[in-house]
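Have a look at the structure below, then the notes.
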Amino acid sequence: MRIAVLASGSGSNLQAIIDAKLDVCAVISNKVNAYALTRANNSNIPNYVVDKKGVAGEVEIINILKQYDIELVVLAGYLKILGETILTEYKGRIINIHPSLLPKYGGKGCYGIHVHEQVIANKEAKSGATVHFVEAGIDTGKIILQRMLDVSIDDTPSTLQQKILNQIEHSLLVDSIKLLESEYRL
Ligand code: GRF
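Positions in the sequence shown are counted from 1; adding 659 to them yields the numbering used here.
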């Protein structure tokens, strides 16, 4: 399955997909200094910065996706909301990874370290990560896979973030893509 990854930051989830030898054909970022772009370069994967706002930006992304015959778009730490143009064009073909047990701790403003701050503040016993389809609502699409871990008494937002990233997210994202790959081929 031909995959494009959209990422704004470090790109450790992108790296997990690359390391799993999945077919990443293009990487797109809205941030020129995203380390995800360096990771793409290191693996000789074509990569692009699209920082235009609104429909013009969406159209530019769609053109790249079409150029590479992309079948699955993976949002991996992509901190920009996708608009109607791309959501319609790639309906059912865009997935996102979110570092919480959705539907808890999702939605507007609940991203990155903020998710884990809230989990700790609410003294949750469990947290985790979710891979879901992307639709117009933020973090509301159908769940593909979800995995949890225990929040320990001495976890801070940043230790919890690292634990979830390293122990859950990377394998969860790879497993989700493999699951979709097998379903599409049925
Ligand atoms: C991950 O925690 C992901 O769940 C969230 O953003 C973070 C991205 O990390 N959406 P990385 O850039 O893949 O290292």
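Quick reminder that beta carbons are idealized off the backbone N, C-alpha and C, glycines included.
Source: prediction; values computed, not measured.
Rounded straight-line distance, which links the Cα of residue j to that of residue i
{"i": "Tyr-608", "j": "Ser-671", "result": "There is simply no residue 608 to check, as the chain begins at 660 and stops at 845 in what is shown."}
{"i": "Leu-845", "j": "Asp-682", "result": "Per-residue confidence for Leu-845 stands at a pLDDT of 48, beneath the threshold of 50, marking its modelled position as unreliable; no derived number is given."}
{"i": "Gly-751", "j": "Phe-792", "result": "7 Å"}
{"i": "Pro-762", "j": "Ile-802", "result": "9 Å"}
{"i": "Tyr-843", "j": "Lys-739", "result": "27 Å"}
{"i": "Ile-704", "j": "Asp-834", "result": "21 Å"}
{"i": "Tyr-694", "j": "Asn-706", "result": "12 Å"}
For residue i, the three-state DSSP class (helix, strand or coil)
{"i": "Lys-690", "result": "coil"}
{"i": "Arg-698", "result": "helix"}
{"i": "Ile-802", "result": "strand"}
{"i": "Ala-675", "result": "helix"}
{"i": "Val-786", "result": "In the sequence as presented, Val is not what sits at residue 786; that position holds Ser. Strand, per DSSP."}
{"i": "Val-833", "result": "helix"}
Nearest candidate by alpha-carbon position, reference residue i, set the options
{"i": "Ile-676", "options": "Arg-661, Asn-689, Lys-690", "result": "Arg-661"}
{"i": "Ile-797", "options": "Ile-753, Tyr-694, Val-686", "result": "Ile-753"}
{"i": "Leu-760", "options": "Leu-808, Ile-812, Ser-817, Ser-669", "result": "Leu-808"}
{"i": "Ser-830", "options": "Val-790, Tyr-843, Val-810, Asp-813", "result": "Val-790"}
{"i": "Lys-690", "options": "Phe-792, Gly-742, Gly-736, Ser-835", "result": "Gly-736"}
{"i": "Asn-692", "options": "Asn-781, Ala-679, Glu-840, Gly-668", "result": "Gly-668"}
{"i": "Asp-814", "options": "Ile-729, Glu-783, Leu-746, Glu-794", "result": "Glu-783"}
Residues that residue i bridges to, as DSSP identifies them
{"i": "Ala-663", "result": "Ala-685, Val-732"}
{"i": "Thr-707", "result": "Correcting the residue identity first, residue 707 is Tyr in this sequence and not Thr. Paired residues: Ile-687."}
Report the residue ranges of all alpha helix (DSSP H) runs contained in full by the stretch 711-780; include only those spanning at least 4 residues, in chain order. 713-726, 743-748, 772-780
Unbroken beta strand (DSSP E) runs of length 3 or more, entirely within the stretch 801-831: which are they? 802-809
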